[in-house]
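Just so you know, we're using the working numbering here: the sequence shown kicks off at 12 and counts up by one.
Think of the CB as a built atom: it goes at the ideal place given N, C-alpha and C, for glycine as much as any other residue.
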Amino acid sequence: MSPALTIPYGRRLIPQVLDDLARTTPDREMFSVPRSDDPKDGWKTLSYGQVAGAVDRVAGYLLEQKKDILSRCASSSSSGNSQTNGSGDSRAQDEFPTLAYLGPSDARYVIFAVACVKAGMKALFISPRNPKAAQLNLFDKTNCNAIYYDPEYDHEVRLWLDERTTMMGVRVHSAQEWIDGWGADKGSKPAHVPYTKTFEEAEWDPFMVMHTSGSTGFPKPVFVRVGMLAVSDSFHSAPEFMGSPTIFSTSMAGRRILNPMPLFHAAGLYVSLLRAVYFAMPVALGITSRPVTPQSVMDALANVDVDMAILPPAILDEIAYIPEAVDALRRLDYVLFGGGPLNPEAGDRLSVREGVRLLNMIGYTEAAPLAYHVQRDPKLWQWFIVDSERMGNKWVPYGDLTDEGEVYEHIIKRKEKNDPPGSQGIFYTFPDLHEYPTKDLYIKHPTLPNHWKYHGRADDVIVFSNGEKLNPVSIEAAVASHPDLKAAMVVGAGRFQPALIVEPALPELSPKNDQEADRFVERIWPLVEEANRVSVAHGRIAKELILVASPHKPFPRAGKGTVQRPAAVKLYKLETDALYEKAGMEADGAADSSIPIDVSSKPKLAESIRELFEQLGEMNNKGKKLALDRDFFTAGVDSLQVLNAVRMIRRGLEAAGLPRPSPSVLAPRFIYAHPTAEKLAAYVFDTIIHGQQNGHANGNNNNNSGPSPGIQAMKAQLEKYTRGLRSDPASQKNKPAPSETDQTIILTGSTGALGSYILDMLQSSASVGKIICLNRGDDSGARQKKLSAERGLATSFAKVEFYNADLSRPDLGLDAETYDRLLRDTDRIVHNAWPVNFNMSVETFEPHVASARNFVDLALKAAKNVHVVFVSSIGTADGWTGAEAFPERRSDDLTLPSTGYGRSKLVSSLIFDEARERSGVSTAVVRVGQIAGPRGDKGAWNRQEWLPSIVASSLALGALPGSLGPMDDVEWTPTEDMAKLILEVADILPTREGWKHDNEGYFHGVNPRSSKWSELVPHVHDFYGDRIKEIVPIEKWVELLEKSASDTKNIEKNPGVKLLDFYQGLLHSRNIKFDMRRTCELSPTMASLEAVTPELMKNWCRQWEF
């Protein structure tokens, strides 16, 4: 029997617990991880068996390299590089070599940590935000001479290796390769690496090394010992106090927690490691390619099934004012936050007004989470319930009194002087201490016993709302050296960024008005800039956040002349609040910017925004230029710079003579949604500048004097992606025709609903020999298997090769060998991949528009005359007003589509048209209409779409609309039939006998035989019985939905509320008819397709399981 099965809580060892879970429940979920960078692709499961196998695989790999690592450590030690600090010892340094790790916040952090322990080493997790000097100092202090890193950090690591010549750099494989294996070992089961130590043997071993934030200088290493982590295991049996369980044990319960926190920070890693191992409860990790933002949190909550989330306070500050985000949080059992204070106004809004159940977690990198207890009163969300006797807390009066009560400093006292740490994890980190001064200040509740509220820090460290910390002493000293200043004080606890209060040296230097204050700030600004250059990014002072102290309110000072910080902060609280408000930190503020915003054209606006971000990121100082199409976040822009960018753009637009935009149209989330200078300029130009110039708050363009920005963008994209097309159709036509047997087919978007059915039919076709599936994400094969199984389709992919592709790149993101093979072998291409998002602008779709040209180029370079089928949309013809049906031919009317989605499809269709007409590429475009559910038993029409949501909300309302107004004609096509049409146009499935034309040009995917919704309504009513009480007109139904919109607690049962605008638009829409004659001449499927029947409708109702 494994030792971990017989050991009590608090003495179990993580590697043994993980091995036991993998042995007894190998398929049980440990982590949910994003399938790709797109949250709509969902999350996939990593089981205990998979993770434990990856740990063994990596541990074996490390053991193979251990000899080299030890020799490098010995060499470094002999040269005097190795040091220790207060939380480490020489044994932790010498016996257990230190291996640094740096990568995206994915499961590799947990895998690497446990693998190092099994290999007799220890992981050092470093923040990528540390300056180079700080990283090198950490390597010195831990005698670290090997770093394992993801290739995306090549540049940073190379700089460190150039300085630290004894250090070994190892690029690691992807997370999926850690799970599956790599090279010759791919797919093989790794050899088990045992871990046989007892708790007594391992208790004081280092498990890993974290580091402090560097708030008081260089970050300091924290040696996290095995015994300290085991303290959290003892929370299994932690007693309740005052009828309340501990916050930590509560956070370890539930079905699954969303943890988007960075895993190089203690909060993120401890939650993931301790919950998943000691408590055997799943953790859903965030998407690694984007910072944590309100939008990324909302996207994750919409696409992964969780009942808890842990979030940074700064994110909750913003989420509190986004109704749809609050709705998502309200549905969770608990929302945890930690790492910094939450703005009281935001917390009250969430907890008291909105009913979000907040859990305020507090802990230290140096210790397991503290045993504070759950506060059940939402009005008291800031107040911890503390069992001081059990924790060994000592509360020392700090000599300050607030309106809420007396202030105390928190000290943790060892229960007996020479006792082992036991449940006091802090004494594993500081074994020589009898008392640990946390330097945290708390307020004691005046009437409620054992209630304590966090009040700040006793030392000079400022803790911001995003959890970042800053020791301002060096900044203050640098600025105060100006001859006109007596003192300088940095403030900002609980804010997003610091402010600076400066005290003039003499009363006569004090400004008498705002203009003089501005001139005073300008005089000292060069010194502030100098201090900013050497400060951490989150500690830099913005010019508009400098306040000049009044001569009538001198800084309070101690007897030795030093500024009494807490008293001074309190003295200037009103002025500080006003300063932040004026600067736009809590309202529509404006920030200083030396970059003027040129609003005369979209390109000039993009250039202004590029320069603005270069200034924010100090890229010019580093010799870097930000390309107009470069993603801000891959270029290193952080959340603080985003906030400043919003404020600078607001001031720039105001300086250009435009009204200051409100947060409803310009806030940080809009920058995250438009993350390049070009995209952000397009958004600002179309939505803010153009909208305001024409007097439309929603940014609609009713100015008929010229084409709208959307149409201008379409023209620009069409010109860009048809530029250079050769005018030589004969050379293309003279190539060998595509094969009709043993064909090689490229398919994009195979994991979507339509794509899955297309793939299934391709696999069953005797004429197809090879299918190349190009999808996002490196595990699309596994994702395909799961989705196909859910739809009742084949899950054996003998003919299929799955590739992680980037279709916006000319080589499709493939290696040269694969791309060359596609040029040689490809017969046909079905381009089906496209994001369905009706809110994005056509500019945002440009990477997808680029894919059209990339497939054209592939066809032009291919050995055969490849036939390309593009899956377009009837949304390209939204604005058609002709009396006749919309024709099956090219349309050059760029005004017809009403959404960015439709516009992008139209531009791409025209690119394929130009390629056919100019260059002879064989292309076909299918304008697809409403794809309904499947005919088969399995699968389902996407429950989030408009028609399924009508049915779901009708059950919630007890009323079903008897008609759909102008859309009452049901011209929907079952999924299988649409897939068949696509493959008939591709000439893979047989066309109708008598079809004498080529399969080029335009075809329509609309059911040629329609029924009426009103004819289907009785059958829907019959299926659901008494759950639908009445049939009502569509106008009445929309009215009922509007009234129900105020009740957001039942949004899952009443999803139509989310589409209320769409349903209101139904009342005024018009139904466009599409010519089907050419399509029916080619397609046996469409020629024989029947109207949607009551039986089909009931099948879809059954599949929805509402």
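- Classified as buried, Asn371 has 16 or more neighbouring CB atoms from the shown chains inside 10 Å of its CB.
- Counting along the chain, no beta strand (DSSP E) covers Val580; the unbroken alpha helix (DSSP H) around it starts and ends at 576–582.
- The Cβ-Cβ distance between Leu968 and Phe1117 does not fall below 8 Å.
- The beta carbon of Leu590 sits closer than 7 Å to the beta carbons of Ala510, Leu556, Leu558 from its chain, once the five residues preceding and following it are set aside; these are given in chain order.
- With contacts defined as CB atoms closer than 8 Å, Ala336 and Val308 qualify as a contacting pair.
- For Gly647, the three-state secondary structure derived from DSSP is coil.
- Under DSSP, Leu1100 takes part in no beta bridge, so it has no partner.
- Secondary structure of Glu1004 (DSSP, three-state): coil.
- Judged by beta-carbon spacing, Met239 lies within the 8 Å limit of Thr440, meaning their Cβ atoms are closer than that value.
- Pro494 and Val532 have their C-alpha atoms roughly 13 Å apart.
- Straight-line measurement puts the Cα of Ser960 at about 19 Å from the Cα of Lys949.
- For Asn270, the enclosing beta strand (DSSP E) stretches over residues 268–270.
- In the three-state reduction of the DSSP assignment, Asn154 falls in the coil class, being assigned neither a helical nor a strand state.
- With at least 16 other beta carbons inside 10 angstroms of its own, Asp988 counts as buried.
- Residue Trp983 holds the alpha-carbon nearest to the alpha-carbon of Val939 among Gly976, Asp904, Trp983.
- A contact between stretches requires three or more CB pairs, one per stretch, nearer than 8 Å, and the region 248–268 meets this requirement with the region 287–298.
- With 16 or more other Cβ atoms inside 10 Å of its own Cβ, Gln795 counts as buried.
- Under DSSP, Tyr814 forms a beta bridge with Leu785.
- Fully enclosed alpha helix (DSSP H) runs of no fewer than 4 residues occupy 324–330, 334–341 of the region 308–352, in order along the chain.
- In this structure, the straight-line span from the alpha carbon of Val877 to that of Phe856 is close to 25 Å.
- The beta carbons of Lys455 and Glu514 sit no closer together than 8 Å.
- The beta carbon of Lys424 sits closer than 6 Å to those of Gly403, Lys405, Glu446, all from its chain and outside the five residues before and after it, given in chain order.
- Looking at Lys129, Ile122, Arg169, Met179, the one whose alpha-carbon comes closest to that of Lys143 is Arg169.
- With the rule of 3 Cβ pairs closer than 8 Å, the region 170–182 does not count as touching the region 116–123.
- When rounded, the separation of the alpha-carbon atoms in Ala130 and Ala70 is 5 Å.
- Taking each of Ser612, Pro537, Lys615, Ile512 in turn and checking the Cα distance to Lys564, the smallest one comes out for Ile512.
- DSSP, reduced to helix, strand and coil, places Glu420 within a strand of the structure shown.
- In this structure, Gly297 is the residue among Val841, Lys523, Gly297, Phe348 with its C-alpha nearest to the C-alpha of Asp310.
- Listed as beta-bridge partners of Ile757 by DSSP are Ile783, Ile840.
- By the CB criterion at 8 Å, Val879 and Val811 fall outside the cutoff.
- Burial state of His1079 is exposed, judged by a 10 Å Cβ sphere holding fewer than 16 other Cβ atoms.
- Restricting attention to Thr209, Ser750, Ala617, the CA atom closest to the CA of Val695 is found in Ala617.
- Put simply, the region 908–920 does not touch the region 968–981. Fewer than three CB pairs are less than 8 Å apart.
- Inclusion of Met500 and Ala287 in the CB contact set at 8 Å is not warranted, their separation being larger than that value.
- Annotation for Gly1016: the continuous beta strand (DSSP E) segment containing it runs 1012–1016.
- DSSP lists Arg938 as the bridge partner or partners of Ser883.
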